[in-house]
Amino acid sequence: MEGDVGTRMTDIEQESLLGAVHSISGPVVTATRMAGAAMYELVRVGHAELVGEIIRLEGDLATLQVYEETSRSTAGLRVGDPVLRTGQPLSVELGPGILGSIFDGIQRPLRDIAQLTGSIYIPRGVNIPALPRHLTWDFVPSKNIQASASFRRTGEHQWGMGSQVGGQKWDMRTGEHKQDMMIWGCRYNSGI
C-alpha cells in the first residue's frame, strides 16, 4: 500500500492540536486540552492513533467515541496518552474504485488490510487509503457536467450540483488522473 492518509501525530507542529486522555470507559474516552475542537471532528487517540470522533464538548473537555479496541492490557489506552485533533469531520471518500471494494464501518478497505497484514483481523491504528491512490482513471467529461462524466475503467459516474448553486464551473481536466487529483470544481458567487 502507498502511504498513510490524513493527519498523523508525527506530522504535527502545533501543540494546540494535541489533547490528552483523561478517562477511559470501553470505547468512550474523555480528553482534556480540547478547546477549539468541533463536534464530530475526527481524532486520533493514543500512541496507536486509534480512529475516533468527538461526540460531546464541555469547555476544554471532549467526549470521544473510539471505533477501535481501547482496552488491550499490553497496548491499550492510558490516561495521559495523546489525542490528535485533525480539524476534519469523520467522513468517507467517494470516487472511482469504491465499487467492488469491501470496507468496515469507518471505510477501511478490508482486502487491502488483509494483503498488508496477512491476517483477517484489523490491527489497531491501521491507517491506509480507502480508495486506490496508485491507479489512474481516464476521465472524460460530458457536455453537461452537472449530469455525468465517464471514467473508462469503471463506467459512468453521475453527480449533480442542484439548481440553486450559482457560480462558475472550472478545472475540467480530461485525461488520466489519480484518485487524489482534482478534476473539476465550482467557485460560488459568494466567493467560497
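In the numbering used here, the protein residues as written are 76 to 267. Glycine included, every Cβ here is placed at the ideal spot set by N, Cα and C. Only a predicted model underlies this, so the values are computations on that prediction, with no experimental measurement involved.
7 Å CB neighbourhood of L152 in its chain, flanking five on each side removed: Mapped onto the sequence shown, residue 152 falls at position 77. The residues are V96, I99, V104, V120, G121, T145.
Closest residue to P157 among I258, P184, G94 (Cα-Cα distance): Sequence index remark: in the sequence shown, residue 157 carries index 82 (1-based). Comparing Cα-Cα distances from P157 to each of I258, P184, G94, the minimum goes to G94.
Close beta carbons around V80, own chain, < 6 Å, minus the five adjacent residues each side: By 1-based counting over the sequence shown, the position of residue 80 is 5. Note that V80 has pLDDT 47, beneath the 50 cutoff, so the model's placement of it is unreliable and the number below is only indicative. The residues are P204.
Helix, strand or coil at L165 [DSSP, three-state]: Residue 165 sits at position 90 when you count from the first residue of the sequence shown. Of the three classes helix, strand and coil, the one that applies to L165 here is coil, per DSSP.
Of the residues G101, G170, E116, F178, the one placed nearest E128, counting alpha carbons only: The count along the sequence shown starts at 1 and reaches residue 128 at position 53. Selected option, being the one with the closest Cα: E116.
Where L191 falls, given that 16 or more other Cβ within 10 Å makes a residue buried: The residue given as residue 191 occupies position 116 in the sequence shown. Per the 10 Å Cβ criterion, exposed.
4 or more residues per run - each alpha helix (DSSP H) lying fully within the stretch 128-207: 185-192
P207 versus D187: straight-line alpha-carbon distance, rounded: Within the sequence shown, residue 207 is the residue found at index 132, counting from 1. Within the sequence shown, residue 187 is the residue found at index 112, counting from 1. Looking at the two C-alpha atoms, the distance is approximately 9 Å.
Candidates P184, G172, G101, of which the one nearest L210 by Cα: As a working mapping, residue 210 is identified with position 135 in the sequence shown. The residue with the shortest Cα to Cα distance from L210 is G172.
Segment limits, beta strand (DSSP E) that includes R119: Numbered from 1 along the sequence shown, position 44 holds the residue referred to as residue 119. Residues 116-120.
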